[in-house]
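Student:
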Amino acid sequence: MQITKWLLAMFCAAGLWMALVPAGMAEEYEVPEANPYSGDKKAIRSGRSWYRNVCSPCHGGRADGQGERGTGADLRKQKLGYKGFVEVVLDGRKVQGRIQFMPGWRNVLSMKDILEITAYVETLALPEANWE
Amino acid sequence: MQQLKLKGVIAAMALAGFAGLAQAGGPVTDKMLSMDAGDEWLHANGNWAGHRYSTLNQINARNAKKLNVAWMKSIGAKTDTMATPLYHDGLLFIPQDNKVFALSADDGSIVWKYEHTLPEDWGGYNVPFFTGKHRGVAISGMYVFFLSNDNKLHALDYKTGKAAFVKDYQDQGFPYPKDFSQAGDSNGYVSTVGPLAIPGAILLPMNATDTGGLPGYVVAANPSNGDVMWKANMIPGPGEEGYDTWPEGSHEYGGAGPWIVGSYDPDLKMYFTGTANAYEWNPKNRGGGEMDNVGAASIVAVNTGDGSVAWRYVGVPGDPWDYDLPQTPLVIDIDGKKTIVQPNKTGYIHHLDAKTGKFLKADKFIDQVNWIKGYDKNGRPIDMIPLPEEGGDPVLVQPGLLGGVNMYPSAYNPKTGLVYLPAAESGMMYGFEEIKIISNVRHFGAYQEFEWGPEVDKAVNVKTGEEVWRDTQEGEPGYAGGMLTTAGNITVYTTQAGKFTVADAKSGKILYRLNMGGAAKSGPMTYKHKGKQYIVQALGGVAQFGRDEPLKNEFASVIVAFTR
Numbered sequence: 001m002q003i004t005k006w007l008l009a010m011f012c013a014a015g016l017w018m019a020l021v022p023a024g025m026a027e028e029y030e031v032p033e034a035n036p037y038s039g040d041k042k043a044i045r046s047g048r049s050w051y052r053n054v055c056s057p058c059h060g061g062r063a064d065g066q067g068e069r070g071t072g073a074d075l076r077k078q079k080l081g082y083k084g085f086v087e088v089v090l091d092g093r094k095v096q097g098r099i100q101f102m103p104g105w106r107n108v109l110s111m112k113d114i115l116e117i118t119a120y121v122e123t124l125a126l127p128e129a130n131w132e
Numbered sequence: 133m134q135q136l137k138l139k140g141v142i143a144a145m146a147l148a149g150f151a152g153l154a155q156a157g158g159p160v161t162d163k164m165l166s167m168d169a170g171d172e173w174l175h176a177n178g179n180w181a182g183h184r185y186s187t188l189n190q191i192n193a194r195n196a197k198k199l200n201v202a203w204m205k206s207i208g209a210k211t212d213t214m215a216t217p218l219y220h221d222g223l224l225f226i227p228q229d230n231k232v233f234a235l236s237a238d239d240g241s242i243v244w245k246y247e248h249t250l251p252e253d254w255g256g257y258n259v260p261f262f263t264g265k266h267r268g269v270a271i272s273g274m275y276v277f278f279l280s281n282d283n284k285l286h287a288l289d290y291k292t293g294k295a296a297f298v299k300d301y302q303d304q305g306f307p308y309p310k311d312f313s314q315a316g317d318s319n320g321y322v323s324t325v326g327p328l329a330i331p332g333a334i335l336l337p338m339n340a341t342d343t344g345g346l347p348g349y350v351v352a353a354n355p356s357n358g359d360v361m362w363k364a365n366m367i368p369g370p371g372e373e374g375y376d377t378w379p380e381g382s383h384e385y386g387g388a389g390p391w392i393v394g395s396y397d398p399d400l401k402m403y404f405t406g407t408a409n410a411y412e413w414n415p416k417n418r419g420g421g422e423m424d425n426v427g428a429a430s431i432v433a434v435n436t437g438d439g440s441v442a443w444r445y446v447g448v449p450g451d452p453w454d455y456d457l458p459q460t461p462l463v464i465d466i467d468g469k470k471t472i473v474q475p476n477k478t479g480y481i482h483h484l485d486a487k488t489g490k491f492l493k494a495d496k497f498i499d500q501v502n503w504i505k506g507y508d509k510n511g512r513p514i515d516m517i518p519l520p521e522e523g524g525d526p527v528l529v530q531p532g533l534l535g536g537v538n539m540y541p542s543a544y545n546p547k548t549g550l551v552y553l554p555a556a557e558s559g560m561m562y563g564f565e566e567i568k569i570i571s572n573v574r575h576f577g578a579y580q581e582f583e584w585g586p587e588v589d590k591a592v593n594v595k596t597g598e599e600v601w602r603d604t605q606e607g608e609p610g611y612a613g614g615m616l617t618t619a620g621n622i623t624v625y626t627t628q629a630g631k632f633t634v635a636d637a638k639s640g641k642i643l644y645r646l647n648m649g650g651a652a653k654s655g656p657m658t659y660k661h662k663g664k665q666y667i668v669q670a671l672g673g674v675a676q677f678g679r680d681e682p683l684k685n686e687f688a689s690v691i692v693a694f695t696r
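In order, the protein sequence lines correspond to chains A and B. Each residue of the first sequence is one higher than the one before, starting from 1 at the first, in this note's numbering. Each residue of the second sequence is one higher than the one before, starting from 133 at the first, in this note's numbering.
#1: Closer than 9 Å, CB to CB, is V86 of chain A near chain B or not?
#2: Do G673 of chain B and M648 of chain B have their CB atoms nearer than 9 Å?
#3: Whose Cβ in chain A lies nearer than 7 Å to the Cβ of K245 of chain B?
#4: Candidates B:F491, B:V269, B:G273, B:V446: which alpha carbon is nearest N281 of chain B's?
#5: If we count the other Cβ atoms within 10 Å of its Cβ and call it buried at 16 or more, is R45 of chain A buried or exposed?
#6: Taking the straight line between their C-alpha atoms, what separation do you get for K477 of chain B and K231 of chain B?
#7: Compute the Euclidean distance between the alpha carbons of R106 of chain A and A129 of chain A, then round it to the nearest angstrom.
#8: Under 7 Å Cβ-Cβ, which residues of chain A neighbour K210 of chain B?
#9: Would you list the residues sitting across from A340 of chain B in a DSSP beta bridge?
#10: Skipping 5 residues on each side, what residues in its chain have a beta carbon closer than 6 Å to that of Q190 of chain B?
#11: Figure out for me which residue from B:P337, B:D399, B:Y257, B:M423 has the closest Cα to the Cα of P379 of chain B.
#12: Below 8 Å, is the gap between the Cβ of R76 of chain A and the nearest heavy atom of the ligand MG?
#13: In whole angstroms, what is the alpha-carbon distance linking R267 of chain B and E372 of chain B?
#14: Three or more C-beta pairs under 8 Å: does that hold for the segment 563–577 of chain B against the segment 51–59 of chain A?
#15: Does the beta carbon of E30 of chain A come closer than 9 Å to any beta carbon on chain B?
#16: For the segment 404–411 of chain B against the segment 424–440 of chain B, are there 3 or more C-beta pairs whose distance is under 8 Å?
#17: Check the Cβ of K205 of chain B against every Cβ in chain A and list those closer than 7 Å, keeping chain order.
#18: Extract the residue ranges of the beta strand (DSSP E) inside the segment 540–593 of chain B, only unbroken runs of 3 or more that lie entirely within it.
#19: Which whole-angstrom value describes the C-beta separation of G326 of chain B and A215 of chain B, a residue pair presumed to lie in contact below a C-beta threshold of 8 Å?
#20: I want to see whether chain A comes within less than 9 Å of F404 of chain B, judged by CB atoms only; does it?
#21: On the three-state DSSP scale, how would you describe R602 of chain B?
#22: Can you name the residues that DSSP bridges to G273 of chain B?
#23: Quick one: what's got a C-beta closer than 6 Å to M204 of chain B's C-beta in the same chain, skipping five residues either side?
#24: Which term fits K265 of chain B, buried or exposed, when burial requires 16 or more other beta carbons within 10 angstroms of its beta carbon?
#25: Measuring only the C-alpha atoms, how far is L188 of chain B from W503 of chain B?
#26: Have a look at A:V121, A:P103, A:S110, A:V108 and flag the residue whose alpha-carbon is nearest the alpha-carbon of T263 of chain B.
#27: Taking F306 of chain B as the reference, give the member of B:A296, B:S318, B:P449 with the closest Cα.
#28: Counting only the same chain and skipping the five closest in sequence on each side, list residues whose C-beta sits under 6 Å from that of D171 of chain B.
#29: In chain B, which residues lie with their C-beta within 9 Å of the C-beta of G61 of chain A?
#30: Enumerate in chain order the residues of its own chain whose CB-to-CB distance from E247 of chain B is below 6 Å, with the five nearest sequence positions on each side excluded.
#31: Roughly how many angstroms lie between the CA atoms of G610 of chain B and E33 of chain A, to the nearest whole one?
#32: W203 of chain B bridges to which residues according to DSSP?
#33: Within the continuous alpha helix (DSSP H) that includes Y82 of chain A, where are the two ends?
#34: Considering only the beta carbon of each residue, do T377 of chain B and V448 of chain B sit closer than 9 Å?
#35: So for Q314 of chain B, helix, strand or coil by DSSP?
#36: Could you check which residue in B:H575, B:G559, B:K595 has the C-alpha nearest to that of F582 of chain B?
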């Protein structure tokens with residue numbers, strides 16, 4: 001009786017723990033020094049599919065900032081550098097005085113998905129973009 | 133003393149009675165709700181039939197050039213202002229950012245403000261896009277009825293803003309969408325469309341279409357406590373006609389939310405609504421565009437007695453283009469026949485018999501349409517273009533998915549017989565991808581790139597389908613915020629670039645234009661207060677859908693009242 005109760009309590013605590021710690025472990029979201037998928041055709045294809053499903057509503061199919069769901073930035077011109085780009089995608093960014101914002105994707109997409117999306121967006125870069 | 137007091141009371145009562153006549157103070161009765169807009173504006177769309185027509189004529193085609201700004205007021209909007217305010221008893225009511233404001237009709241000052249806080253775990257697919265937007269409130273009896281984004285019905289005393297009740301419909305099968313990182317199942321309903329007040333019920337459109345595709349319902353709520361009286365399913369259930377136009381299991385995430393405030397006919401006792409696109413946008417799980425998916429991209433008529441569906445007409449069978457049929461179906465008497473007239477994304481104005489849903493005709497109203505060649509006599513598209521291949525190249529589709537008209541409301545003037553459209557020439561490059569799933573939420577599996585033409589505001593003869601006038605905003609893509617028309621032979625709209633415009637309703641001649649410097653995403657309204665007619669336009673939001681460059685406008689939020 002005691003033991004079953006204890007087990008139950010442990011079980012619940014574990015359940016709670018699982019609920020609080022999202023899908024991936026924290027280290028999964030360490031940003032590598034360089035994008036391992038940069039230029040990788042298969043990864044770019046997969047990143048494009050993710051991009052078109054989850055990013056294009058706000059940033060537009062061309063990544064020019066003309067989404068049908070509001071004003072995302074023009075990602076072809078992006079000036080943040082590779083690491084800066086990934087960091088915004090992970091943690092999002094609020095827009096001063098607006099409800100619409102850039103949502104964060106940490107614990108939603110895997111790091112692999114995010115790096116693949118990044119590799120795809122890199123292929124759309126305009127000359128002034130910074131992917132260093 | 134006693135005597136005096138009594139006299140005072142009688143005098144006060146008499147005065148109140150008189151004021152009641154002049155200002156229609158006190159509770160809003162069914163009788164008042166049944167009338168065309170005049171001194172008061174009691175429905176988001178002016179009347180039950182959705183006409184956005186006012187019988188007022190103090191401001192008219194002869195004197196409109198002498199309009200003046202009476203007052204301006206900011207409600208500090210943080211996203212698009214999409215609601216047309218209501219006017220009753222000296223107050224204007226407007227929802228924004230999950231708040232409701234009551235403004236004084238004298239000077240726009242805030243009389244009361246009601247604030248609702250969304251739940252902590254609010255979030256999910258496309259949800260930042262919807263958050264804070266509202267397309268109107270309803271008023272009935274002593275209460276303003278407000279549907280917050282998380283689908284709660286708030287009954288607010290119209291004089292004080294105090295909530296008599298707040299009703300949550302989560303346990304009725306209407307969860308709100310949750311933040312992806314906090315939920316295993318983030319699917320949910322988001323309310324941006326306002327309720328409609330009819331005798332004995334407040335009708336609530338429950339829409340989850342682009343937040344994961346849970347199926348749409350119209351819910352009738354009891355005005356005294358919010359209790360559900362019935363739920364009408366937009367997608368046919370087992371045994372209903374059209375059930376078999378969906379593959380097994382696809383009904384569950386088929387979308388088809390009742391999309392934009394519906395209209396009501398008191399004789400037929402029917403509620404008419406357009407419905408959202410079928411879900412997912414990529415049709416591979418719901419027949420690949422080969423099955424009709426009745427109920428989505430449709431016009432649906434609901435019997436308001438018991439919530440049974442009287443008929444469904446599908447305007448875009450198998451909808452592969454995100455072509456919902458937004459816009460309030462207008463109820464118009466044409467040659468003695470009660471007709472549903474709905475301009476929509478397809479580029480056509482659909483005419484249906486209001487009683488039976490029988491297709492009558494579809495008139496093309498924009499220049500560029502390539503997705504079909506027209507509609508046949510049964511209301512089915514002729515020669516639809518082939519669908520793009522998943523993962524292949526995108527195809528050119530006209531109109532684009534924002535449509536020939538979007539949800540920005542049209543108006544109908546019974547005196548001119550013209551319907552006024554906030555239209556646009558548009559197109560898109562459109563393609564399919566595999567359907568990605570996050571936290572149990574199925575994403576679109578489709579994407580698009582805009583190919584814009586200009587905004588074109590226009591008048592179409594409802595009977596003949598002929599265009600009577602147009603006002604093209606060259607180089608300015610987008611839609612006007614919505615149309616208003618009056619017995620004073622004027623039609624009023626504000627272009628998306630922010631040009632407040634009063635046109636001669638018959639000829640389209642522009643009588644008054646003021647650049648307000650910010651985007652309009654709501655229709656204007658009019659009312660009479662202390663003997664004077666006002667026209668109100670709420671401005672607010674981001675020009676376009678992510679495209680402010682051509683319009684050279686930044687975010688704005690202000691409500692402007694005009695008078696003469």
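Even for Gly, the Cβ is constructed at its ideal location relative to N, Cα and C. Source: prediction; values computed, not measured.
Tutor: In this structure, then:
#1: By one-based count along the first sequence, residue 86 of chain A stands at place 86. With 9 Å as the cut-off, V86 of chain A does not count as an interface residue toward chain B.
#2: Taking the first residue of the second sequence as position 1, residue 673 of chain B is located at position 541. Taking the first residue of the second sequence as position 1, residue 648 of chain B is located at position 516. No, the Cβ-Cβ distance between G673 of chain B and M648 of chain B is not below 9 Å.
#3: For the purposes of this step, residue 245 of chain B is identified with residue 113 of the second sequence, where counting begins at 1. Near K245 of chain B there are no residues of chain A at all, since even the closest Cβ is about 17 Å away, more than 7 Å.
#4: Taking the second sequence and counting its residues from 1, the one referred to as residue 281 of chain B is at position 149. The candidate whose alpha carbon is nearest that of N281 of chain B is B:V269.
#5: Residue 45 of chain A sits at position 45 when you count from the first residue of the first sequence. R45 of chain A is exposed by the Cβ-count criterion.
#6: The residue given as residue 477 of chain B occupies position 345 in the second sequence. The residue given as residue 231 of chain B occupies position 99 in the second sequence. Between K477 of chain B and K231 of chain B, the C-alpha separation is close to 30 Å.
#7: Here the question's residue 106 of chain A lines up with position 106 in the first sequence. Here the question's residue 129 of chain A lines up with position 129 in the first sequence. Straight-line Cα distance between these residues: approximately 24 Å.
#8: Counted from its first residue, the second sequence places residue 210 of chain B at position 78. Simply G97, R98, I99.
#9: Working through the second sequence from its first residue, we reach residue 340 of chain B at position 208. Answer is B:L346.
#10: The residue you call residue 190 of chain B lines up with position 58 of the second sequence. Hits under 6 Å: Q665.
#11: Reading the second sequence from its first residue, position 247 is the one you call residue 379 of chain B. Ranking the options by Cα distance to P379 of chain B, first place goes to B:M423.
#12: Because no ligand of any kind appears in the structure shown, any question about the ligand MG cannot be addressed here.
#13: Reading the second sequence from its first residue, position 135 is the one you call residue 267 of chain B. Reading the second sequence from its first residue, position 240 is the one you call residue 372 of chain B. Computed Cα separation, rounded: 31 Å.
#14: yes
#15: Along the first sequence, read from residue 1 onward, the residue named residue 30 of chain A stands at position 30. Judged by the 9 Å Cβ criterion, E30 of chain A is not in contact with chain B.
#16: yes
#17: In the second sequence, the residue the question calls residue 205 of chain B occupies position 73. What K205 of chain B touches in chain A: nothing, since even the nearest Cβ is about 18 Å away.
#18: 543–545, 550–564, 578–593
#19: Taking the first residue of the second sequence as position 1, residue 326 of chain B is located at position 194. Taking the first residue of the second sequence as position 1, residue 215 of chain B is located at position 83. Rounded, the Cβ-Cβ distance is 7 Å, consistent with contact.
#20: Numbered from 1 along the second sequence, position 272 holds the residue referred to as residue 404 of chain B. With 9 Å as the cut-off, F404 of chain B does not count as an interface residue toward chain A.
#21: The sequence position of residue 602 of chain B within the second sequence is 470, counting from 1. Note: R602 of chain B maps to strand in three-state DSSP.
#22: Here residue 273 of chain B refers to the residue found at position 141 when the second sequence is read from its first residue. DSSP lists B:V160 as partners of G273 of chain B.
#23: Within the second sequence, residue 204 of chain B is the residue found at index 72, counting from 1. Here the set comprises V690, V692.
#24: On the second sequence, position 133 is the one that residue 265 of chain B refers to. Buried, because 16 or more other Cβ atoms sit within 10 Å of the Cβ of K265 of chain B.
#25: Position 56 of the second sequence, counted from the first residue, corresponds to residue 188 of chain B. Position 371 of the second sequence, counted from the first residue, corresponds to residue 503 of chain B. Going from the Cα of L188 of chain B to the Cα of W503 of chain B covers about 41 Å.
#26: One-based indexing of the second sequence puts residue 263 of chain B at position 131. For T263 of chain B, the nearest C-alpha among the options comes from A:P103.
#27: If you number the second sequence from 1, residue 306 of chain B lands on position 174. Checked all of B:A296, B:S318, B:P449; the closest Cα to F306 of chain B is B:S318.
#28: To locate residue 171 of chain B, count along the second sequence from 1; it is residue 39. So the list reads K660, once near-sequence residues are dropped.
#29: Locating residue 61 of chain A in the first sequence gives position 61, where the first residue counts as 1. Ordered by position in chain B, the residues that pass the 9 Å Cβ test against G61 of chain A are P526, M560, M561, Y562, G563, Y579, Q580, E581, F582.
#30: Position 115 of the second sequence, counted from the start, is the residue given in the question as residue 247 of chain B. Once the five neighbours on either side are set aside, the close Cβ partners of E247 of chain B are K231.
#31: Walking along the second sequence from the start, residue 610 of chain B turns up at place 478. Walking along the first sequence from the start, residue 33 of chain A turns up at place 33. So the alpha carbons of these two residues sit roughly 42 Å apart.
#32: Along the second sequence, one-based indexing puts residue 203 of chain B at 71. Paired residues: B:A693.
#33: Position 82 of the first sequence, counted from the first residue, corresponds to residue 82 of chain A. Run containing Y82 of chain A: 81–91, per the alpha helix (DSSP H) assignment.
#34: On the second sequence, position 245 is the one that residue 377 of chain B refers to. On the second sequence, position 316 is the one that residue 448 of chain B refers to. Taking 9 Å as the Cβ cut-off, T377 of chain B and V448 of chain B do not qualify as a contacting pair.
#35: On the second sequence, residue 314 of chain B is found 182 positions in, with the first residue counted as 1. Reduced to three states, the DSSP call for Q314 of chain B is helix.
#36: As a working note, residue 582 of chain B is residue 450 in the second sequence. Cα-wise, what sits closest to F582 of chain B is B:G559.
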